[in-house]
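In what follows, a single structure is set out as structure tokens and then discussed.
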Amino acid sequence: MNLSAARIFVRDLEEAQAFYERTLGLPLQAGQASAGYCVFGVGSCQLVVEPVLKDAPEDEQVLVGRFTGLSFAVSDIHTKHQELIAKGVAFTGGPELQSWGGTLATFSDPAGNEIQLVQHASAA
């Protein structure tokens with residue numbers, strides 16, 4: 007099996023589309039804010055960004071503004087960290103060496119979803 011897609015939920019899809027497409031530089035492959043979903047290319051996987059409406063049930067509301075468990079692999083985490091800071095990305099944790107040998111940095115999208123950059127030990 008191969009991972010095909012990961013989903014992130016937001017409140018403002020237009021804001022999210024601008025963030026993922028313009029700020030992070032991910033290519034929009036399908037949909038758009040006006041269609042009610044955005045699909046971005048992220049290597050061999052797709053990142054699907056979908057809105058949760060303000061009047062949605064609580065079990066849907068909790069999907070917005072949380073740690074996603076998603077990581078974007080980069081070859082130079084310190085440079086990418088600085089590039090994204092310069093673009094206004096809010097980091098909740100700067101690059102930190104992990105016990106397993108890689109380095110992680112955590113940032114938030116405009117909806118408060120936390121995503122990580124990862125530099126694997128082999129790329130260090």
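Counted the way this note's numbering counts, the sequence shown spans residues 7 to 130. Beta carbons: idealized from backbone N, C-alpha and C, even for Gly. Treat the numbers as computed from the prediction; the structure is a model and nothing was measured.
Query: DSSP three-state assignment for R72, whether helix, strand or coil; Result: coil
Query: Inter-residue Cα distance where the pair is G71 and G118; Result: 4 Å
Query: Of the residues A24, N8, Q35, K60, the one placed nearest G94, counting alpha carbons only; Result: A24
Query: L123 versus S77: straight-line alpha-carbon distance, rounded; Result: 5 Å
Query: C-beta atoms of A22 and Q52 nearer than 7 Å; Result: no
Query: Residues of its chain near E20, where Cβ-Cβ distance is below 7 Å and the 5 sequence neighbours each way are ignored; Result: A39
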